[in-house]
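S.K.: One structure coming up, written as structure tokens, with questions to follow.
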Amino acid sequence: MDFVLHVLEHSILDTLELVPLLFLTYLAMEAIEHVASDRVRSAVERSGKAGPVVGALLGAVPQCGFSAMAATLYAGRVVTVGTLVAVVLSTSDEMVPVFLAHQEPLGRLLAIMGVKVAVGAVVGLVVDAVLRARHRAGDGHLHIHELCEREHCHCDEHEALVHDSADERNHVGNADGHVHAHGHDHAGGHARWAIVRSALIHTVQVTFFILVVTFAFGLLIEYIGQDALGALLANHPVRATFVAALVGLVPNCGASVAITELYLDGVLAAGPMLAGLLASGGVGLLVLWRTNAGAGQNAVVTAFVYVVAVVAGLAVGALGILF
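The opening position of the sequence shown corresponds to residue 10 in the numbering used here, with each subsequent residue numbered one higher.
The following block contains the structure:
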């Protein structure tokens, strides 16, 4: 019973850390859709090709919430699939605090993060370029409204409230033609609250999903144990690369912690370690499966991240690169 409570406690704490960024992401997306969609859309279109570079740099920040944010934005087609992949590949998750706790040389940590950022940015740029060349980069429009419909958060009320607010500004007045300020503030307040309410609904739904899955995977990792995992990975570097990348896909901070610890303990070589950490994109892929309607797309993105992680890990192993 203590074992279960311990995993549950860590699952709750890990999940709660994501809530502020998730809420801010949904709040921003609701504002984009209902307040400034045209301006933001044009800005995204102008800077979209640099998205993977920016995403890879953001992903390097020791905070797995950015991968959740990227997955949510991709579900609304605010960012490209290349940007999403770049964020997932570069996300450091718990690698940074584990390295710092072990007082490892800062240069070693920065070298690994630099490789992850470079791989994420390059792969993301190539993905977007290939999709554009094949005319499969999407329709160029935001799809936040479809995301709202899938989540049943009644976002359609926003548009009506915003239009009501505009109508009151244009049509409600006194005898000398001036608009009543009270009516404008009232309608505007309702529109703002509707945006906040939908963002809260999105956040609660996704947070609950993350908590359930994180708890289940946490129990699995604790049950198997790091020693058994180390025995599986130590003796065969090629096999270790494939297995480490598979472990990295587990949407739980315990995956990146286990991979980093095994590497620092000398159980994992540099190649398998890099493969595991490239695939260890926090809860980004989990949020992608929860928010994006296309199961086929989600499967392709997940498989692609795994393949990139394995290829990069095997390349590092073959070249004998050490960190």
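In this text, a Cβ means the ideal position worked out from N, Cα and C, and glycines have one as well.
Tell me the rounded alpha-carbon separation between T34 and G293.
M.R.: Those two C-alpha atoms are separated by around 13 Å.
S.K.: Applying the 10 Å Cβ sphere with the 16-neighbour rule, what's the burial state of D23?
M.R.: D23 comes out buried.
S.K.: For G85, name the three-state secondary structure that DSSP assigns.
M.R.: Residue state, collapsed to three classes: coil.
S.K.: So A208 and E39 are supposed to be a Cβ contact under 8 Å. How far apart are they, rounded?
M.R.: Indeed, because the Cβ distance is near 5 Å, the residues count as touching under 8 Å.
S.K.: For E103, is the classification buried or exposed, using 16 other Cβ atoms within 10 angstroms of its Cβ as the cut-off for buried?
M.R.: Looking at its Cβ environment, which holds 16 or more other Cβ atoms inside 10 Å, E103 is buried.
S.K.: Answer with buried or exposed for F226, where buried requires no fewer than 16 other C-beta atoms within 10 angstroms of its C-beta.
M.R.: Answer is buried; the Cβ neighbour count reaches 16.
S.K.: Below 8 Å, how does it come out for the region 109 to 126 and the region 76 to 84: are there three or more Cβ pairs, yes or no?
M.R.: Because the criterion of three Cβ pairs below 8 Å is not met, the region 109 to 126 and the region 76 to 84 do not touch.
S.K.: Looking at V317: is its Cβ nearer than 8 Å to the Cβ of T250?
M.R.: Not closer than 8 Å, so no.
S.K.: Using a threshold of 7 Å, is the CB atom of V124 nearer than that to any non-hydrogen atom of the ligand NAD?
M.R.: This structure lacks the ligand NAD; in fact it carries no ligand of any kind.
S.K.: Hey, which unbroken runs of the alpha helix (DSSP H) at 4 residues or more fall wholly within the region 215 to 301?
M.R.: DSSP runs (the alpha helix (DSSP H)) wholly in the region 215 to 301: 235 to 243, 246 to 257, 262 to 273, 279 to 288 and 293 to 300.
S.K.: What do you reckon, are the CB atoms on Y315 and A264 nearer than 8 Å?
M.R.: Taking 8 Å as the Cβ cut-off, Y315 and A264 do not qualify as a contacting pair.
S.K.: Considering only the alpha carbon of each residue, which of T212, A237, L328 and T269 lies closest to L36?
M.R.: When only C-alpha atoms are compared, the closest one is T212.
S.K.: Measure the CB-CB distance between V136 and G91 and report whether it falls below 8 Å.
M.R.: For V136 and G91, yes; Cβs fall inside 8 Å.
S.K.: When the Cα of Q306 is compared with those of L93, R206, L17 and H19, which residue comes out closest?
M.R.: Closest option to Q306, Cα to Cα, is L93.
S.K.: Quick one: what does DSSP say P114 is sitting in, helix, strand or coil?
M.R.: P114: coil per DSSP, three-state reduction.
S.K.: CA-CA distance, V276 and I233?
M.R.: Rounded to whole angstroms, V276 to I233 spans 16 Å at the Cα level.
S.K.: Once the 5 residues before and after I230 are set aside, which same chain residues still bring their CB inside 6 Å of it?
M.R.: Cβ neighbours of I230 beyond the five flanking positions: G263.
S.K.: Let me make sure I understand the geometry here. Which of V96, A308, L118 and L17 has the alpha-carbon closest to that of L331?
M.R.: When each option's Cα is compared against that of L331, the closest is L118.
S.K.: Taking all protein chains shown into account, do 16 or more other C-beta atoms lie within 10 angstroms of the C-beta of P29, making it buried, or fewer, making it exposed?
M.R.: Result: exposed.
S.K.: If you draw a straight line from the C-alpha of L67 to the C-alpha of L134, how long is it?
M.R.: In a straight line, the C-alpha of L67 is about 15 Å away from that of L134.
S.K.: Answer yes or no: do G64 and A95 have a C-beta to C-beta separation smaller than 8 Å?
M.R.: In this structure, A95 lies closer than 8 Å to G64 by Cβ.
S.K.: Leaving out five residues on either side along the sequence, give the residues of the same chain with a beta carbon under 6 Å from the beta carbon of G291.
M.R.: If we look at G291 and ignore the five residues flanking it on each side, its Cβ neighbours are C73, S76, T100 and D102.
S.K.: Cβ atoms of V205 and T300: under 8 Å apart, would you say?
M.R.: No, these two residues do not count as a Cβ contact at 8 Å.
S.K.: With DSSP run on the structure shown, which of helix, strand or coil describes E18?
M.R.: Correct three-state label for E18: helix.
S.K.: Is the beta carbon of L7 less than 8 Å from the beta carbon of K125?
M.R.: The chain is shown from 10 up to 332; residue 7 falls before or after that span and cannot be answered.
S.K.: With distances taken from CA atoms, which of A302, H245, V310 and D236 is nearest D274?
M.R.: Among A302, H245, V310 and D236, the Cα nearest to that of D274 is on D236.
S.K.: For C330, which three-state DSSP category applies?
M.R.: Contrary to the premise, residue 330 reads as Ile rather than Cys in this sequence. Here I330 sits in coil by DSSP.
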